[in-house]
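**Q** Just dropping this structure here.
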Amino acid sequence: MAKTAELIIDGKSYKLPIVEGTENEVALDISNLLEETGTITLDLGYKNTGATKSAITFLDGDKGILRHRGYSIEDLAAKSSFLEVAYLLIFGELPMKDQLDKFSNDIKLHTMVHEDIKKILDGFPSSSHPMGVLASMFCAQTAFYPESLDPNRSAEGVYLSIVRSLAKMPTFAAWAYKNAMGHPVNYPDNSLNYTSRFLKMLYALPAEQYEVDPIVADALDKLLILHADHEQNCSTSTVRIVGSSKASIYSSISAGINALWGPLHGGANQEVILMLEAIRKDGGDTEKWINKAKDKNSGFRLMGFGHRVYKNFDPRAKIIKKTADDVLNKLGVNDPVLEIALKLEEVALRDPYFIERKLYPNVDFYSGIIYRALGIPVDMFTVMFAMGRLPGWIAQWKELRENKEPIGRPRQIYTGQNLRPYIPIEKR
Ligand code: MLT
């Protein structure tokens with residue numbers, strides 16, 4: 007028999023269906039609550055609200071588990087490639103070799119960007135943050151591919167938009183950086199793989215021969231995998247809610263890029279490095295900064311610690327910490343902020359304040375250190391996150407479309423004025 011929960015309002019009992027996921031997660035189905043009881047639920051920040059049913063990513067915050075389509079993040083990070091993970095997220099299964107070759111070749115066919123998009127780029131001052139430039143260029147694709155606006159696009163049309171999104175993202179990302187530097191842009195070199203192509207566009211200077219360092223390319227590929235999807239986080243929920251109005255894939259993802267930009271979401275990796283730098287400049291006394299973080303009146307917040315859903319540890323942070331160690335060793339980089347980060351983590355992990363609040367390092371804590379070791383500038387950290395998250399956004403947008411989900415429309419509890427008569431301005 008289907009399980010139900012009982013809700014009693016003013017002595018009247020209502021039955022709520024219980025929905026169970028494939029990993030035994032349980033939800034109360036309240037879709038008819040307003041109609042049947044005249045009541046809504048209130049959940050600021052959607053902390054307890056399941057906004058969709060999804061088969062893409064499973065996350066158990068108490069146990070520190072993250073899986074994409076059933077594969078553990080540990081396995082994927084160690085054995086897969088970014089494009090393979092992208093294929094898995096978007097199409098549901100790991101690709102056969104010919105499928106991955108086709109996918110990768112299709113992407114190569116679309117890495118060039120219309121020269122008129124470059125004119126849009128030229129209009130941005132070099133002081134522009136690359137995230138704003140990226141979101142704008144991504145959305146500008148709606149103008150160059152107007153057929154993408156058709157809400158009833160064929161599966162082939164959707165595939166083309168997916169391939170174009172993945173193909174052009176590294177070009178946009180590298181160009182956003184070149185714009186910030188005031189340098190001429192590089193065009194994609196399709197003899198290279200996805201990550202190396204991006205690195206060459208990012209770093210190559212016109213008068214110099216540029217060879218991509220395979221250590222750097224491999225490390226970046228792993229970082230992209232680690233960011234590829236994270237179920238219904240703020241930017242993904244944004245993509246889904248914008249997509250639910252049947253907006254195009256480009257505008258939905260552009261909205262996701264903007265949501266990711268904030269310092270409480272993807273922008274946190276940039277904030278972590280700025281914080282570690284500030285601690286280093288202050289003399290590197292980690293105990294002092296831990297105490298400041300515990301003092302509510304100090305205004306200081308330890309960035310990169312704690313997570314809305316992980317209450318044990320963020321499995322990505324464990325992998326990233328180990329990768330940071332490996333990469334810095336391999337590249338022979340000695341970064342004093344890594345020392346500070348390790349000390350902060352060590353002190354925090356044995357401090358009851360952090361233990362009681364379940365504040366553990368999250369994905370952003372060590373990623374900035376690797377980006378720095380790879381030579382990626384601080385303003386580009388969140389852009390790297392966006393490049394990694396792209397397949398997740400695409401997969402979630404595609405799933406929403408295929409499941410024919412209704413337009414997102416939360417309700418509210420109104421706390422404003424009651425009805426009052428309008429007073430003409432001369433009588434106020
Ligand atoms: C993410 O990867 O999107 C972040 O960890 C934030 C989140 O999941 O809420």
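Residues in the sequence shown are numbered from 7 upward in steps of one, following my numbering. Quick reminder that beta carbons are idealized off the backbone N, C-alpha and C, glycines included. Please read all numbers here as calculations on a predicted model, not as lab measurements.
1) Does the distance between the C-beta of Val278 and the nearest non-hydrogen atom of ligand 1 fall short of 7 Å?
2) Is any non-hydrogen atom of ligand 1 found closer than 7 Å to the C-beta of His74, if you look at the structure I gave you?
3) Can Arg246 be considered in contact with ligand 1, in the sense that its beta carbon sits closer than 7 Å to one or more heavy atoms?
4) Are the CB atoms of Val278 and Phe360 within a distance shorter than 8 Å?
5) Between the alpha carbons of Gln402 and Asp357, how many angstroms are there, rounded?
6) Assign Leu270 to buried or exposed, taking buried as 16 or more other Cβ atoms, counted over all protein chains shown, within 10 Å of its Cβ.
7) I'd like to confirm something about Asn307: is its beta-carbon nearer than 7 Å to some heavy atom of ligand 1, or not?
8) To the nearest angstrom, report how far apart Leu39 and Arg417 are at their CA atoms.
9) Would the beta-carbon of Val389 be found less than 7 Å away from any heavy atom of ligand 1?
10) What does the alpha-carbon distance come out to for the pair Glu29 and Lys125?
11) Any idea what DSSP makes of Tyr428, helix, strand or coil?
12) Taking only three categories from DSSP, how would you classify Tyr372?
13) Could you check how far apart the C-beta atoms of Asn368 and His313 are, in whole angstroms? I think they sit under 8 Å.
14) On the criterion of 16 or more Cβ atoms from any shown chain inside 10 Å, does Ser87 qualify as buried, or is it exposed?
15) In its own chain, which residues sit with a C-beta less than 6 Å from the C-beta of Ala172, not counting the 5 before and 5 after it?
16) Using a Cβ-Cβ cutoff of less than 7 Å, which residues in the same chain neighbour Ser243 once the five nearest sequence positions on both sides are dropped?
17) Could you spell out the range, first to last residue, of the alpha helix (DSSP H) harbouring Glu283?
18) Evaluate contact between the region 384-397 and the region 223-242, counting only Cβ atoms and requiring at least three cross-stretch pairs below 8 Å.
19) Can you list, in chain order, the residues of its chain whose CB lies under 6 Å from that of Lys336, leaving out five sequence neighbours each side?
20) Helix or strand or just coil, what does DSSP make of Phe150?
21) Can you tell me whether Pro176 is buried or exposed, with buried defined as 16 or more other CB within 10 angstroms of its CB?
22) Considering only the alpha carbon of each residue, which of Ala33, Gly398 and Gly44 lies closest to Ile14?
23) Assuming contact is defined by CB atoms lying nearer than 8 Å, are Ile259 and Phe144 in contact in what I supplied?
24) Ligand 1 and Asn368: does any heavy atom of the ligand fall closer than 7 Å to the residue's C-beta?
25) Starting from Lys124, trace the alpha helix (DSSP H) both ways and give me its first and last residue.
26) What is the C-beta distance between Ser241 and Gly272, in whole angstroms, given that I count them as a contact (C-beta under 8 Å)?
27) In angstroms, rounded to a whole number, what distance separates the CA positions of Phe109 and Lys103?
28) Out of Lys21, Ala84 and Leu280, point me to the one whose CA is closest to Lys328's CA.
29) Name the two residues that bound the continuous beta strand (DSSP E) containing Val32.
30) Excluding five sequence neighbours on each side, which residues of the same chain lie with their C-beta closer than 7 Å to the C-beta of Leu140?
31) Quick check on Ala323: buried or exposed, where buried means 16 or more other Cβ atoms within 10 Å of its Cβ?
32) With distances taken from CA atoms, which of Glu432, Gly138, Ala299 and Ala330 is nearest Arg378?
33) Between Asp35, Ser60 and Glu41, which lies nearest to Glu411 when the distance is taken from Cα to Cα?
34) Tell me whether Arg203 is buried or exposed, calling it buried when 16 or more other Cβ atoms sit within 10 Å of its Cβ.
35) Taking 7 Å as the cut-off, is the CB of Val91 close to at least one heavy atom of ligand 1?
36) Please find out if some non-hydrogen atom of ligand 1 comes closer than 7 Å to the beta-carbon of Asn54.
**A** The structure says:
1) Along the sequence shown, read from residue 1 onward, the residue named residue 278 stands at position 272. No, the beta carbon of Val278 sits no closer than 7 Å to any heavy atom of ligand 1.
2) Mapped onto the sequence shown, residue 74 falls at position 68. Because no heavy atom of ligand 1 lies under 7 Å away, the Cβ of His74 does not count as near it: no.
3) Taking the first residue of the sequence shown as 1, we reach residue 246 at position 240. False, no ligand heavy atom lies under 7 Å from that Cβ.
4) As a position in the sequence shown, residue 360 is number 354, starting the count at 1. As a position in the sequence shown, residue 278 is number 272, starting the count at 1. Cβ atoms of Phe360 and Val278: not closer than 8 Å.
5) To locate residue 402, count along the sequence shown from 1; it is residue 396. To locate residue 357, count along the sequence shown from 1; it is residue 351. Near 38 Å, if we compare the C-alpha coordinates of Asp357 and Gln402.
6) Translated into positions along the sequence shown, residue 270 becomes position 264. The residue is exposed, with fewer than 16 neighbouring Cβ atoms inside 10 Å.
7) Residue numbering aside, residue 307 sits at position 301 when the sequence shown is read from its first letter. For clarity, residue 307 is Arg in the given sequence; the question names Asn instead. For Arg307, the distance from the CB to the nearest heavy atom of ligand 1 is not below 7 Å.
8) Here residue 39 refers to the residue found at position 33 of the sequence shown. Here residue 417 refers to the residue found at position 411 of the sequence shown. Answer to the nearest angstrom: the Cα atoms are 12 Å apart.
9) Position 383 of the sequence shown, counted from the first residue, corresponds to residue 389. It does not: the Cβ of Val389 is nowhere closer than 7 Å to a heavy atom of ligand 1.
10) What you label residue 29 is simply residue 23 of the sequence shown in a count that begins at 1. What you label residue 125 is simply residue 119 of the sequence shown in a count that begins at 1. In a straight line, the C-alpha of Glu29 is about 49 Å away from that of Lys125.
11) Here the question's residue 428 lines up with position 422 in the sequence shown. Three-state DSSP puts Tyr428 in coil, outside helix and strand.
12) The residue you call residue 372 lines up with position 366 of the sequence shown. Three-state DSSP puts Tyr372 in a helix.
13) Residue numbering aside, residue 368 sits at position 362 when the sequence shown is read from its first letter. Residue numbering aside, residue 313 sits at position 307 when the sequence shown is read from its first letter. Right, the Cβ-Cβ distance comes to about 5 Å (below 8 Å), so this counts as a contact.
14) If you number the sequence shown from 1, residue 87 lands on position 81. Result: buried.
15) For the purposes of this step, residue 172 is identified with residue 166 of the sequence shown, where counting begins at 1. According to the sequence displayed, residue 172 carries Leu and not Ala. Excluding residues within five positions, the ones whose Cβ falls inside 6 Å are Ile113.
16) Stepping through the sequence shown from its first residue, residue 243 is reached at position 237. Here the set comprises Ala57.
17) As a first step, residue 283 must be located in the sequence shown, where it is residue number 277. Counting along the chain, Glu283 sits inside the alpha helix (DSSP H) bounded by residues Ala274 to Lys287.
18) Yes: the two stretches touch, three or more of their Cβ pairs being nearer than 8 Å.
19) By 1-based counting over the sequence shown, the position of residue 336 is 330. If you ignore the 5 residues before and after Lys336, its C-beta comes within less than 6 Å of the C-beta of Ile221, all in its own chain and listed in chain order.
20) Indexing the sequence shown from 1 puts residue 150 at position 144. Note: Phe150 maps to helix in three-state DSSP.
21) Within the sequence shown, residue 176 is the residue found at index 170, counting from 1. With 16 or more other Cβ atoms within 10 Å, it is buried.
22) Locating residue 14 in the sequence shown gives position 8, counting from the first residue. For Ile14, the nearest C-alpha among the options comes from Gly44.
23) Within the sequence shown, the letter at position 253 stands for residue 259. Within the sequence shown, the letter at position 138 stands for residue 144. In contact: Ile259 and Phe144 (Cβ atoms closer than 8 Å).
24) Here residue 368 refers to the residue found at position 362 of the sequence shown. Yes, ligand 1 has a heavy atom inside 7 Å of this Cβ.
25) Counting from 1 along the sequence shown, the entry for residue 124 is found at position 118. Note, Lys124: alpha helix (DSSP H), Glu121 to Asp128.
26) In the sequence shown, the residue the question calls residue 241 occupies position 235. In the sequence shown, the residue the question calls residue 272 occupies position 266. With 8 Å as the limit, Ser241 and Gly272 qualify as a contact, their Cβ atoms being about 7 Å apart.
27) As a working mapping, residue 109 is identified with position 103 in the sequence shown. As a working mapping, residue 103 is identified with position 97 in the sequence shown. Their Cα atoms are separated by approximately 10 Å.
28) On the sequence shown, position 322 is the one that residue 328 refers to. Ranking Lys21, Ala84 and Leu280 by Cα distance to Lys328 puts Ala84 first.
29) Taking the first residue of the sequence shown as 1, we reach residue 32 at position 26. Segment Val32 to Leu34, the beta strand (DSSP E) holding Val32.
30) Within the sequence shown, residue 140 is the residue found at index 134, counting from 1. Once the five neighbours on either side are set aside, the close Cβ partners of Leu140 are Phe178, Ala179, Ala182, Ile263, Val389 and Ala392.
31) On the sequence shown, residue 323 is found 317 positions in, with the first residue counted as 1. With 16 or more other Cβ atoms within 10 Å, it is buried.
32) Locating residue 378 in the sequence shown gives position 372, where the first residue counts as 1. Selected option, being the one with the closest Cα: Ala330.
33) Reading the sequence shown from its first residue, position 405 is the one you call residue 411. Considering only alpha carbons, the answer is Ser60.
34) For the purposes of this step, residue 203 is identified with residue 197 of the sequence shown, where counting begins at 1. Arg203 comes out buried.
35) Counting from one through the sequence shown, the residue named residue 91 turns up at place 85. Incorrect: Val91 has no Cβ contact closer than 7 Å to ligand 1.
36) Position 48 of the sequence shown, counting from 1, holds the residue named residue 54. The answer is no for Asn54.
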